[in-house]
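If you read the sequences in order, they're chains V and P. Residue numbers for the first sequence follow our numbering, beginning at 314 and rising by one. Residue numbers for the second sequence follow our numbering, beginning at 74 and rising by one. All C-beta atoms, glycine included, are put in the ideal place defined by N, C-alpha and C. Here is the structure we will look at.
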Amino acid sequence: MPGDNVSTGNTKDLKASVQKFASDLAANVENFVTDISELEVRTYTIAEGKFAAVLDDPKKKNDKVITGEGVQLRAYTRIAFDSDTIVCLPVNDSGQIDGAVWDMHQAAVNQALQNRATMLRTIGDAAASALDALKKSR
Amino acid sequence: MTLIQDARFTFSGFAVSEEPDPFGVWEAPALRATSHGEEGLMWRVELPDADSALDAVHARADVLRRGADDLAQAEAELNAMLAGVAPAADAEHGLTGAVSYAFSVPAAEDFHPQKEALRRTLAGLAAVEPSPLTGAVAFSAVETFADDQERKGFQEAYRRWQAFVEQVQQMTAQYARVETVIAGAPVGLTRVGWAGDFETFWIPGMPALSRETHRETVNLALASRIALLRVVSVITTGAAGLILKAVALPPGGQVLLIPAARRFILDVMAVLRESRR
Numbered sequence: 314m315p316g317d318n319v320s321t322g323n324t325k326d327l328k329a330s331v332q333k334f335a336s337d338l339a340a341n342v343e344n345f346v347t348d349i350s351e352l353e354v355r356t357y358t359i360a361e362g363k364f365a366a367v368l369d370d371p372k373k374k375n376d377k378v379i380t381g382e383g384v385q386l387r388a389y390t391r392i393a394f395d396s397d398t399i400v401c402l403p404v405n406d407s408g409q410i411d412g413a414v415w416d417m418h419q420a421a422v423n424q425a426l427q428n429r430a431t432m433l434r435t436i437g438d439a440a441a442s443a444l445d446a447l448k449k450s451r
Numbered sequence: 074m075t076l077i078q079d080a081r082f083t084f085s086g087f088a089v090s091e092e093p094d095p096f097g098v099w100e101a102p103a104l105r106a107t108s109h110g111e112e113g114l115m116w117r118v119e120l121p122d123a124d125s126a127l128d129a130v131h132a133r134a135d136v137l138r139r140g141a142d143d144l145a146q147a148e149a150e151l152n153a154m155l156a157g158v159a160p161a162a163d164a165e166h167g168l169t170g171a172v173s174y175a176f177s178v179p180a181a182e183d184f185h186p187q188k189e190a191l192r193r194t195l196a197g198l199a200a201v202e203p204s205p206l207t208g209a210v211a212f213s214a215v216e217t218f219a220d221d222q223e224r225k226g227f228q229e230a231y232r233r234w235q236a237f238v239e240q241v242q243q244m245t246a247q248y249a250r251v252e253t254v255i256a257g258a259p260v261g262l263t264r265v266g267w268a269g270d271f272e273t274f275w276i277p278g279m280p281a282l283s284r285e286t287h288r289e290t291v292n293l294a295l296a297s298r299i300a301l302l303r304v305v306s307v308i309t310t311g312a313a314g315l316i317l318k319a320v321a322l323p324p325g326g327q328v329l330l331i332p333a334a335r336r337f338i339l340d341v342m343a344v345l346r347e348s349r350r
C-alpha cells in the first residue's frame, strides 16, 4: 500500500505528489485547449455480433488501428474552432445518401458539440480552482 | 418479466479501483472486460431487453443528478465548517511560535463523524493536543503525530489520495469507451476523446429505440466523466479554503490539505447516498 510507510517525516512525498498532480492536470488542460481547436466525428458501421477494437497511437491523434469484422467508415465531420466544417457524406450502393447512417451521424455530431461545450465550462472551473489552490499554497 | 434491476452498469479501466464512482451510478465489474484489447476507461451498459432499456438508463441518470446534489451539499458542509475556523484564543502560538488557528466540531453538527475525521487528518499534519473540552485542533508546524489514530487517519488519506491522483490522470488523458449491449447483443460503441472527438460504431439495422438507448448511455457516461471533474474542482476549492485558514503550516506545506479535503467531500457524499437506501 502506498501509504503504509507514511509519516510526517516524509510528508514531502505527499507534497511532491500533490504538486505533480497539479502540474499534470495543468498539462492535460493545455492539451485540451490545443486539441479542442477542432472537433472530429466519425461514424462507422460494423458487422453484427462483436464490437470493434481500436488501438490508438498516443503520439499521433489520427494514427489508430481498428479491428472488427466489416468495419467501414461511413461518415466524417470536422469542425474547426472558427466553424469551418468538412463533411463526408455516407452513400449506399446506388450512390444515394444513406439516410439511416446520416441521421445517426448527425445525432453524434450534435452530441459531440454539446459535450464539448460542457467540457469547456467544466475544465475552466477545474483549472481555475487548481490554480487558486496552488497560488494559495505557495 | 424483466426488471430494471437486471440491468448492469459497469465502469472499468482505472489502474487503481479505489472508489471508482463516488456518485454510485456505476459498479466495478467482477472481471475487467478486456476482450477488445484496448487500454483505457470503459463504461458498459448491459440491458435485459429493448423495451425497458431506455427507462433503465434514465433511472441511472436520475441517480447521477442526485449525486450531483450530494456533491453540492458536501461542498456547502465544508464551506460552513471553514466559516467556523478562527484564530484560537488559547492556541495563538503553536510549538514553533507560529500563529495557529483552531476549530471545533460540536457533536450536534451534521456529518459529525466526517468532520471529526477531517479534524483528525489535519491533526496528523500539524499535531497539537486537542482540547478535551472543545475538541479544537490547532494547526501548527509540528512534524509529529499526536497519537496512532491521527497517524492512521493521515496514512489512509494519503493512500486514497494516491489512488485519486492516478484516476484523474487517466480520466484526463485517455479515451472513454462506451458500450451498450441489449439482450446480449452489441448495439453501439462510442469512443470519446478527452477533447471531445467522437467515434461511433453502429450495428446496421438496429431499431430506433435501441439506437436512442445507446445515445443516452453515451450521455450518461459523459455526464459521469464531467461529474468526476466537478469533484476535482470542489476538492481543490475546498483545499484552498483550508489553506487560507491554516496559515501556520510550514511554507509549501499547505498543499497537504488537498487530500484532507478530498476525503471529507467523498465521505459526506457516501453518507448522503447511503441515507437514501
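Taking the alpha-carbon positions, what's the R232/P to E239/P distance? 11 Å
Which term fits Q235/P, buried or exposed, when burial requires 16 or more other beta carbons within 10 angstroms of its beta carbon? buried
Kindly indicate which residue of L293/P, H287/P, V304/P has the alpha-carbon position closest to the one of T435/V. V304/P
With distances taken from CA atoms, which of R139/P, D124/P, E252/P is nearest Q98/P? Residue identity check: residue 98/P is Val in the sequence provided, not Gln. When only C-alpha atoms are compared, the closest one is R139/P.
Below-7 Å beta-carbon distance, E272/P vs any chain V residue: yes
Name the residues in the region 252-272 of chain P whose C-beta lies less than 8 Å from a C-beta of chain V; which are they? So the close ones are E252, A258, P259, L262, T263, R264, V265, G266, W267, A268, G269, D270, F271, E272.
Answer with yes or no whether the minimum CB distance from R391/V to chain P is below 7 Å. no
Three-state secondary structure (DSSP) at P186/P? helix
May I ask you to report which of helix, strand or coil DSSP gives P160/P? Below a pLDDT of 50, predicted positions are generally treated as unreliable, and P160/P, at 48, falls in that range; no measurement from the model is reported.
Secondary structure of F84/P, DSSP reduced to three states: Strand, per DSSP.
Y389/V bridges to which residues according to DSSP? DSSP, once it has assigned bridges, lists R355/V, C401/V as partnering Y389/V.
May I ask you to report which of helix, strand or coil DSSP gives R253/P? Looking at the sequence shown, residue 253/P is not Arg but Thr. Strand.
I need the boundaries of the beta strand (DSSP E) containing F274/P, first residue and last residue. 271-275
Name, please, each residue of chain V whose Cβ falls closer than 7 Å to the Cβ of R81/P. Here the premise fails: no neighbours, minimum Cβ distance about 16 Å.
Proximal chain V residues relative to Q242/P, where beta-carbon distance stays under 7 Å: D337
Reducing DSSP to helix, strand and coil, say where R349/P ends up. coil
According to DSSP, residues forming a beta bridge with L114/P: A249/P
Whose C-alpha, out of A246/P, Q242/P, L315/P, A156/P, is nearest the C-alpha of P332/P? L315/P
Classify V378/V: buried if its beta carbon has 16 or more other beta carbons within 10 angstroms, exposed otherwise. exposed
Delimiting residues of the beta strand (DSSP E) encompassing V367/V: 366-370
Report the three-state DSSP secondary structure of D376/V (helix, strand or coil). When secondary structure is reduced to three states using DSSP, D376/V falls in the strand class.
Look up E119/P in the DSSP assignment and say whether it is helix, strand or coil. Here E119/P carries a strand assignment [DSSP, helix/strand/coil].
Please list, in chain order, all residues of the same chain as L127/P whose beta carbon is under 8 Å from its beta carbon, the five residues on each side excluded. Apart from the 5 residues on each side of it in sequence, L127/P sits with its Cβ closer than 8 Å to the Cβ of L282, E285, T286, E289 in its chain, given in chain order.
CA nearest to the CA of P121/P, picked from P277/P, T253/P, H185/P, T310/P: Residue T253/P is the option with its Cα nearest to P121/P.
Nearest residue (CA-CA) to V400/V, options A413/V, A360/V, G383/V, H418/V: H418/V
What residue from G113/P, T263/P, S125/P has the CA that sits closest to R355/V's CA? T263/P
CA-to-CA distance, H131/P to A343/P, given in whole angstroms: 22 Å
Say whether the region 346-362 of chain V touches the region 411-430 of chain V, bearing in mind that this needs 3 or more beta-carbon pairs closer than 8 Å, one atom from each stretch. yes
When you compare only the Cα positions, how much space is there between T273/P and A181/P? 52 Å
Which residues, in order along the region 408-433 of chain V, keep a beta-carbon less than 7 Å from a beta-carbon of chain P? M417, A420, A421, Q424, A425, N428, R429, T431, M432
So what does DSSP say about E148/P, is it helix, strand or coil? helix
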